[in-house]
Amino acid sequence: MFTPWNSPEQLRALIAKGKVDVALMTVASAAALHNKGVHCTVVAVFSGPAWIVSTNQEFSSVDMLNGEEILLPFGPGEMPEVVLRILMKKHGLSFMPRHVGSALEAVGMLRSGRAKHAFLVEPAAGKAMSALGIQIDTSGIPVLGCLDIRALWAETFPQSPCMPLGALTVFGSLADSQEALTAIRTSYVEGVSHAREHPRMALETTGDVFPVLGRSLEGMNVERVCDIRIMDSDHAAMMATFFLTRLLEVSPASVGGRMPGEDFLRLSDARH
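Following this line, the structure appears as structure tokens:
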């Protein structure tokens, strides 16, 4: 049974109650749980589309965020804030965080003019782009008014250009079964590849299985929403370790106070 989660707190509560076998979550949250003694292992790391969406139609560079207030979904210390702190610090910039309860709340505040900038992932980012009338090119990429966080990470850290924000994490007894880990990893990689190759079909399937989620994607650029990039297994561990190290430097609590042990990442065969 697949259960969509709406906040990091909800997911952590489900895991604490032993109701989760496999989860798509941030790699930082997985590391923090591992460091707290939760039996889990990560079998794939990936990045999804993430943006700074602005009401300023001329907005196009990170420098334009210096000293600005930025809406951040979820609470202090969650990934939107920590990632932005890492990037802004590296560029010698600062910002004023303003936390909101959800991505949809942030979209509403942008739409009503109560805020200028927000850190958003898809599909909320797409909703904001549509509501603000942001121009989109033929490939589905915003022309101005947005900043691609993945591209900014690659520019900022060329030595580790992929930002493995997400993790496919396996819990409990399943984490002890190599057969189960391989099957879970393979199914996810194949599913993501199919969605990227056939985004319209993926949207239809989503609507059939999860009508509420499907309706939320109506009118979205599904090619952009499905642009999930799984890290090649040959480099995934290195990039995940680099990412976690940057998180530890800026916000030790976000990863549980230390780097996770060697059994945390089991990424073999996790190829595109």
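Counting from 1 along the sequence shown, just add 4 to a position and that's the residue number in our numbering.
No residue lacks a Cβ here, since even glycine has one placed at the ideal position from N, Cα and C.
Cβ neighbours of V226 in the same chain (closer than 8 Å, five flanking residues each side left out): Against the sequence shown, residue 226 aligns to sequence position 222. If we look at V226 and ignore the five residues flanking it on each side, its Cβ neighbours are P203, R204, A206 and L207.
Own chain partners of I232 with C-beta closer than 6 Å, once the 5 adjacent residues on each side are dropped: On the sequence shown, residue 232 is found 228 positions in, with the first residue counted as 1. Cβ neighbours of I232 beyond the five flanking positions: F50, G52 and V196.
Give me, in chain order, the residues of the same chain whose beta-carbon lies closer than 7 Å to that of N70; leave out the 5 immediate sequence neighbours on both sides. Mapped onto the sequence shown, residue 70 falls at position 66. Correct list, in chain order: L97 and S98.
Give a yes or no on whether the C-beta atoms belonging to I234 and V193 are separated by under 7 Å. Here residue 234 refers to the residue found at position 230 of the sequence shown. Here residue 193 refers to the residue found at position 189 of the sequence shown. Contact: yes.
What does the Cβ neighbour count give for P168, buried or exposed, with the cut at 16 atoms within 10 Å? On the sequence shown, position 164 is the one that residue 168 refers to. Buried, by the Cβ-count rule.
Counting along the chain, where does the beta strand (DSSP E) carrying L75 start and finish? Counting from 1 along the sequence shown, the entry for residue 75 is found at position 71. Taken as a continuous stretch (DSSP letters only), the beta strand (DSSP E) holding L75 covers E73 to P77.
Of the choices K94, G149 and A17, whose alpha-carbon is the least far from that of V254? On the sequence shown, residue 254 is found 250 positions in, with the first residue counted as 1. Out of K94, G149 and A17, K94 has the C-alpha closest to the C-alpha of V254.
Rank P80, S106 and L124 by C-alpha distance to the C-alpha of G149 and give the top, closest one. Walking along the sequence shown from the start, residue 149 turns up at place 145. Of the candidates P80, S106 and L124, the one whose C-alpha sits nearest the C-alpha of G149 is L124.
For P256, the nearest candidate out of V42, L217, S181 and A35 (CA to CA): Numbered from 1 along the sequence shown, position 252 holds the residue referred to as residue 256. Residue A35 is the option with its Cα nearest to P256.
Specify whether the segment 211-226 and the segment 19-36 touch according to this definition: at least 3 beta carbon pairs, one from each stretch, less than 8 Å apart. no
For T210, does the count of other Cβ atoms within 10 angstroms reach 16, so buried, or fall short, so exposed? Start at 1 with the first residue of the sequence shown, and residue 210 comes out as number 206. Its Cβ being crowded by 16 or more others within 10 Å, T210 is buried.
Are the CB atoms of L251 and V42 nearer to each other than 7 Å? Position 247 of the sequence shown holds residue 251. Position 38 of the sequence shown holds residue 42. Not in contact: L251 and V42 (Cβ atoms no closer than 7 Å).
Where does A170 fall in DSSP's three states? Counted from its first residue, the sequence shown places residue 170 at position 166. For the sequence presented, residue 170 should be read as Gly rather than Ala. Note: G170 maps to strand in three-state DSSP.
Bridge partner(s) assigned by DSSP for L156: Residue numbering aside, residue 156 sits at position 152 when the sequence shown is read from its first letter. The partner list for L156 (beta bridge, DSSP) is empty, contrary to what the question assumes.
Taking R228 as the reference, give the member of L18, F6, W55 and L15 with the closest Cα. The sequence position of residue 228 within the sequence shown is 224, counting from 1. That would be W55, whose Cα lies nearest to the Cα of R228.
Considering only residues of the same chain and omitting the five flanking positions on each side of E247, which have a CB-CB separation below 6 Å? Within the sequence shown, the letter at position 243 stands for residue 247. Here residue 247 is Phe; the residue named in the question, Glu, does not match the sequence. Once the five neighbours on either side are set aside, the close Cβ partners of F247 are P168.
How about L91 and P84: do their beta carbons lie closer than 7 Å? Numbered from 1 along the sequence shown, position 87 holds the residue referred to as residue 91. Numbered from 1 along the sequence shown, position 80 holds the residue referred to as residue 84. No, these two residues do not count as a Cβ contact at 7 Å.
Excluding sequence positions up to five away, which residues of its chain have a Cβ less than 7 Å from the Cβ of G81? Here residue 81 is taken as the residue at index 77 of the sequence shown, counted from 1. Hits under 7 Å: S255, A257 and S258.
For N60 and Q182, what's the separation of their Cα atoms in angstroms? Counting from one through the sequence shown, the residue named residue 60 turns up at place 56. Counting from one through the sequence shown, the residue named residue 182 turns up at place 178. Rounded to whole angstroms, N60 to Q182 spans 50 Å at the Cα level.
Let me check understanding here. Comparing Cα to Cα, which of V111, F78, G170 and R262 lies closest to V47? Sequence index remark: in the sequence shown, residue 47 carries index 43 (1-based). Considering only alpha carbons, the answer is G170.
Compute the Euclidean distance between the alpha carbons of G176 and T245, then round it to the nearest angstrom. Translated into positions along the sequence shown, residue 176 becomes position 172. Translated into positions along the sequence shown, residue 245 becomes position 241. Between G176 and T245, the C-alpha separation is close to 23 Å.
Given this structure, state the Cα-to-Cα distance separating F161 from R89, to the nearest angstrom. Locating residue 161 in the sequence shown gives position 157, where the first residue counts as 1. Locating residue 89 in the sequence shown gives position 85, where the first residue counts as 1. Taking the straight line from one Cα to the other gives about 14 Å.
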